[in-house]
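S.K.:
Number of protein chains: 2
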Amino acid sequence: MTATFERPPTATEAVITELRRLLVTGDLAPGSPVRQEALAERLGVSRVPLREALKVLEGEGQVQYHRHRGYVVSELSVDDLVEVYRMRELLEAEAIRVAVPRLTDADIVAISSASRDVDDAGQRGDLAGMTTANRDFHFLLFDAAAMPRLSRMLRGLWDATDVYRSVYFAGSDNRACVMHEHAALLDALESRDVRRAIAAQAEHRNHSVAAVTTALTSR
Amino acid sequence: MTATFERPPTATEAVITELRRLLVTGDLAPGSPVRQEALAERLGVSRVPLREALKVLEGEGQVQYHRHRGYVVSELSVDDLVEVYRMRELLEAEAIRVAVPRLTDADIVAISSASRDVDDAGQRGDLAGMTTANRDFHFLLFDAAAMPRLSRMLRGLWDATDVYRSVYFAGSDNRACVMHEHAALLDALESRDVRRAIAAQAEHRNHSVAAVTTALTSR
DNA sequence: CTGGTGGATATTGGATCCAATCTGCTATGG
DNA sequence: CCATAGCAGATTGGATCCAATATCCACCAG
C-alpha cells in the first residue's frame, strides 16, 4: 500500500491554498489592494512566504503587481472574460479530442462518480461543494488527455473566473441545467463520441459564460 | 514627448530578467539544480528576491520546485515538446485569425521592419540578436490581436523552447529558410489573407519543431 | 482657488539570521 | 558483504529588522 501521507506543507504552499480560498469566497474582493502586513498576520505567517505566494498568483493573473505599490486583486473586464472563454473553447476542444479515445472504463466510472457528487452537492444546496465537484468532473476528463501543460493552462483559465462562476450555481434552475448537461456529456463519453462530447462541453460552457457575464456587468 | 524613464527595477525584477538570460544561454543548463546561496551571491542580491524570481519562473514551467529540495532547471521531454507545439498551433492560429483583420498599416510597417532586423542579425551571424528580433517579429503580429492573455500564454510557450530553438538559428540554411518564410508571412499579412497567414506560420513552426526535436533527441 | 512643495506616515523591498529539513557519509550490527 | 541507524554538513524555509519608496496631507506662493 502506498501510504500517501498528509505531509505538512510549507507555509508558502499553505498560503497559496488559503489565498485561493479567500479569492473564490470573495473574502479578497476584486479590485481591493493586498495589505501584506495585515494579511500575513491574519494567516499566521511572516510576509516572506506571503510574498512568494502572491508571485505565484500573479503568474496566474489572479492578482496584479505594481512596483512599490504592492498587489491588487484582479478585476475581470468583459473583454478579459470573452478572451478567457474563447481560449477555453479552443483548449477544451483539444483536450476532449485527445482524451476521449484514451478514456478507460475506470476513467468513465470516476467521471460519472464525480458527476454524482455534483448532483449530491446540488441537492444539499452546498454551493462550495458543487463548485469543487464540478471542477473535478471536468478536469477528470481534461486530465485524461495526458497533456499536463494543457491541463495547467485550463486550470488557470478556470481560476480566473471562479469568483464569478459561483453565482451561477446559486440559481436552482441553473443547477438543474448543469446536471442535465453533465449527463449529456457523460453519455457522449460513454459512447466515445468526440464530436458530441465537444458539442456538449461547448453548450455547457456557453451557459456559464452567459451567467458570468451578467454577474459581471450587473455590479 | 512621453519620456519613458529607465526606472531602476526592483531586485526581484532584475533577477527574473537575468535568470531568463542565463536560461536561454544555457548557463543554467536543463536538469541542473539551482543553488540559491551561490546564485544569489553571483547576482549580487540576497536569497529573498531570488526566491521570488524562481517562483515566477516556476509558474512559467522554466524551473521545477520540490519542497525542501529547491529548484531544478526544467528539462523538456519530447512529449512536452509535442504538447507545446500543438498548443502553439491552436493558439497562434487564433491570434492570427483575430489579428489580421485588425492590422493597421502602421502595424504592417512595424512588422516588416522587425523582419528586416531579423535579416540584418542573420547577415551579421548574430544569433542572440536574431532570436530576439525573430520573437519581436512574431509577437508584433500576435499582440495585434489585442488578446493579452493569449499573448502571455504564447510567450510562455515560446519561452519553454527558447533554449533549444537557438540551435535552429545556428545553421545558415535554416537562417535562409527563416527569412524566406517570414517574407511569405509578411506577404500574406499585407494582403490581409488570414488563411495564407495561418498556413505560413504553420509551415514556419513545423520547420522549427523539427529542428528542436533533433536538438532534443540527439543529446 | 490652483498648483506645487515638503515632510510625516504607511507600505513595500531586501538583507540577515536562525530553524527545519534533506543528503551523504560513517559506523555498527547482522 | 549488506543493511540500517545516526550524525554532520549542506541547503532550503521563514521571521525579523532596516532601508527604500510611495502616498497623503498640511502649507505656501502665485
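Chains A and B, in that order, are what the protein sequence lines are.
Count along the first sequence from 1, then add 22; that gives the number in this note's numbering.
Count along the second sequence from 1, then add 22; that gives the number in this note's numbering.
Just so it is clear, CB atoms sit at the ideal spot from N, CA and C, and this is done for glycine as well.
For the stretch 95-109 of chain A, which residues have a CB atom closer than 8 Å to at least one CB atom of chain B, in sequence order?
M.R.: D102, E105, V106, R108, M109
S.K.: Would the stretch 135-142 of chain A count as touching the stretch 154-161 of chain A if we require 3 or more Cβ pairs under 8 Å?
M.R.: yes
S.K.: Please state whether DSSP places Q58(A) in a helix, a strand or coil.
M.R.: Taken through DSSP and simplified to helix, strand or coil, Q58(A) comes out as helix.
S.K.: What is the rounded straight-line gap between the Cα of R89(A) and the Cα of L45(B)?
M.R.: R89(A) and L45(B) have their C-alpha atoms some 24 Å from each other.
S.K.: Run down chain A in chain order and give the residues with a C-beta less than 7 Å from the C-beta of T32(B).
M.R.: R89
S.K.: Cβ of E40(A) less than 7 Å from any chain B Cβ?
M.R.: For E40(A), the answer is no, since every Cβ of chain B falls outside 7 Å of its Cβ.
S.K.: Can you list, in chain order, the residues of its chain with a C-beta nearer than 6 Å to that of I220(B)? Leave out the 5 residues immediately preceding and following it.
M.R.: A115, I118
S.K.: Between which two residues does the alpha helix (DSSP H) carrying H15(A) extend?
M.R.: Limits of chain A in this structure are 23 at one end and 241 at the other, which puts residue 15(A) out of reach.
S.K.: In three-state DSSP terms, what is V85(B)?
M.R.: strand
S.K.: Measuring CA to CA, which of G48(B), A222(B), E40(B), S194(B) is closest to D184(B)?
M.R.: G48(B)
S.K.: Quick check on V46(A): does DSSP put it in helix, strand or coil?
M.R.: V46(A): helix per DSSP, three-state reduction.
S.K.: Can you give me the Cβ contacts of A75(B) inside the same chain, cut-off strictly under 7 Å, excluding the 5 residues immediately before and after it?
M.R.: T34, V37, I38, L41
S.K.: Whole-angstrom Cβ separation of Q84(A) and V94(A), contact assumed at under 8 Å?
M.R.: Not really, about 11 Å apart at Cβ, beyond 8 Å.
S.K.: Could you check the C-alpha separation between R43(B) and A62(B) for me, to the nearest Å?
M.R.: 15 Å
S.K.: Suppose contacts are defined by Cβ-Cβ distances below 7 Å. Is A237(A) in contact with V189(A) by that definition?
M.R.: Yes, these two residues count as a Cβ contact at 7 Å.
S.K.: For M175(A), go through chain B and note every residue whose CB falls closer than 7 Å to its CB, in chain order.
M.R.: M175
S.K.: Excluding the 5 residues preceding and the 5 following V100(B) in the sequence, name in chain order all residues of the same chain whose CB lies nearer than 8 Å to its CB.
M.R.: T235, L238, T239
S.K.: Taking one C-beta from the stretch 67-82 of chain A and one from the stretch 142-155 of chain B each time, how about it: are there three or more such pairs within less than 8 Å?
M.R.: no
S.K.: For D209(A), which residues of its own chain have a beta-carbon under 6 Å away from its beta-carbon, when the five flanking residues on both sides are left out?
M.R.: Shown here for D209(A): not one same chain residue has a beta carbon closer than 6 Å to its own, the five before and five after excluded.
S.K.: If we define contact as Cβ-Cβ less than 7 Å, is R171(A) a contact residue for chain B?
M.R.: For R171(A), the nearest beta carbon of chain B is closer than 7 Å to its own beta carbon.
S.K.: Tell me the DSSP secondary structure of V231(A) in three-state form.
M.R.: helix
S.K.: State the Cα-Cα distance for the pair R16(B) and G144(B), rounded to the nearest angstrom.
M.R.: Residue numbering for chain B in the displayed model covers 23 to 241; residue 16(B) lies beyond these limits and cannot be assessed.
S.K.: Once the 5 residues before and after R110(B) are set aside, which same chain residues still bring their CB inside 6 Å of it?
M.R.: L179
S.K.: Strictly below 9 Å CB to CB, what residues from chain A border E116(B)?
M.R.: R108, M109, L112
S.K.: Go through its chain and collect everything with a Cβ distance to M201(A)'s Cβ below 6 Å, but skip five positions before and after it.
M.R.: Here the set comprises D141.
S.K.: Secondary structure at G92(A), three-state DSSP: helix, strand or coil?
M.R.: In the structure shown, G92(A) sits in a strand (DSSP, three-state: E or B).
S.K.: Please classify P71(B): does DSSP put it in a helix, a strand, or coil?
M.R.: helix
S.K.: Can you have a look at A155(B) and say buried or exposed, based on whether 16 or more other CB atoms are within 10 angstroms of its CB?
M.R.: Around the beta-carbon of A155(B), 16 or more other beta-carbon atoms lie within 10 Å, marking it buried.
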